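S.K.:
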Amino acid sequence: MEYALTLATAVLLIGVYLNAQAADRQAKRLSLQLKRLERKTDLLLAHAGIAEPEDPRMAELDALLAQGKTIQAIKLHREATGSDLVEAKEAVERRMR
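Under our numbering, the sequence shown is numbered contiguously, ending at residue 170.
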């Protein structure tokens, strides 16, 4: 009886692990697909000469950077764009140049 219970638990854990791996692969694939679509959209907008409207909060972000408040600027960028910490930090650093 113990052997059957141990075996069933092992099979269940392996199934959960494989399911998690499949979900992770799908999330990565979708993320790459989204990045490609965004890049294509940006190229189409640039080719057509259409400027993407800038969020009004970006002016506030520039003001924070002018005051040397980088951390607050990163926080504002995250709120405005929904990006994660690393993406927001990189975007703010690019904007500082």
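For each residue, glycine too, the CB sits at the ideal point set by N, CA and C. Please read all numbers here as calculations on a predicted model, not as lab measurements.
Under DSSP, the alpha helix (DSSP H) around S104 begins and ends at which residues?
M.R.: That run of the alpha helix (DSSP H) goes 75-121.
S.K.: Is L118 near E125, with beta carbons less than 8 Å apart?
M.R.: Cβ atoms of L118 and E125: closer than 8 Å.
S.K.: Mind checking whether D128 and A164 have CB atoms under 8 Å apart?
M.R.: Taking 8 Å as the Cβ cut-off, D128 and A164 do not qualify as a contacting pair.
S.K.: Can you tell me where the alpha helix (DSSP H) holding A164 begins and where it ends?
M.R.: 158-169 is the extent of the alpha helix (DSSP H) around A164.
S.K.: Applying the criterion that 16 or more other CB atoms from any shown protein chain within 10 Å of the CB defines a buried residue, is L137 buried or exposed?
M.R.: So L137 counts as buried.
S.K.: Under 7 Å Cβ to Cβ from A81, same chain only, skipping five residues before and after it: list those, please.
M.R.: So the list is empty, once near-sequence residues are dropped.
S.K.: Whole angstroms is fine: what's the gap from A100's alpha carbon to K108's?
M.R.: A100 and K108: Cα-Cα distance of roughly 12 Å.
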